[in-house]
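Student: The working numbering puts the first residue of the sequence shown at 10, with every later residue one more than the last.
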Amino acid sequence: MDTKYKKPEGDAEQRDSLNDLRQVISYASLLGLKKAHLIYGVAGNARSIETRHEGITVYTYGLDLGKSPEEIENQLDVLVRNLKTNE
10 MDTKYKKPEG DAEQRDSLND LRQVISYASL LGLKKAHLIY GVAGNARSIE TRHEGITVYT
70 YGLDLGKSPE EIENQLDVLV RNLKTNE
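#1: What are the complete alpha helix (DSSP H) segments, minimum 4 residues, inside the stretch 22-53?
#2: Rounded to whole angstroms, what's the CA-CA distance from LEU40 to VAL33? Just pull it up for me.
#3: Quick one: what's got a C-beta closer than 6 angstroms to GLN84's C-beta in the same chain, skipping five residues either side?
#4: Under the three-state reduction of DSSP, which class applies to ASP73: helix, strand or coil?
#5: Going by DSSP in three states, THR12 sits in which element: helix, strand or coil?
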């Protein structure tokens with residue numbers, strides 16, 4: 010799992026930065042993992058990306074840290090459920 014406290018550098022807010030994806034795929038590859046998680050500290054929908062050559066699936070999430078503490082806690086609850094589902 011890797012967290013980024015910045016907006017993704019892609020074309021749209023929902024598009025992940027290729028550099029961020031490469032980094033988390035490298036981590037997973039070095040550790041022999043088939044799944045990796047990338048969390049951004051900005052609003053965004055959860056999604057998954059499967060790499061062709063490495064066979065690693067990257068799950069990306071966005072947490073809107075500009076929300077109230079209660080709303081952030083709700084987002085974290087959803088994130089934890091997603092992490093458990095995609096173990």
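Don't be surprised by glycine CBs; every beta carbon is placed ideally from N, CA and C.
Tutor: So, from the listed chains and residues:
#1: 27-40
#2: Mapped onto the sequence shown, residue 40 falls at position 31. Mapped onto the sequence shown, residue 33 falls at position 24. In a straight line, the C-alpha of LEU40 is about 11 angstroms away from that of VAL33.
#3: The count along the sequence shown starts at 1 and reaches residue 84 at position 75. Answer for GLN84: LEU72, listed in chain order.
#4: Position 64 of the sequence shown, counted from the first residue, corresponds to residue 73. Reduced to three states, the DSSP call for ASP73 is coil.
#5: For the purposes of this step, residue 12 is taken as the residue at position 3 of the sequence shown. Of the three classes helix, strand and coil, the one that applies to THR12 here is strand, per DSSP.
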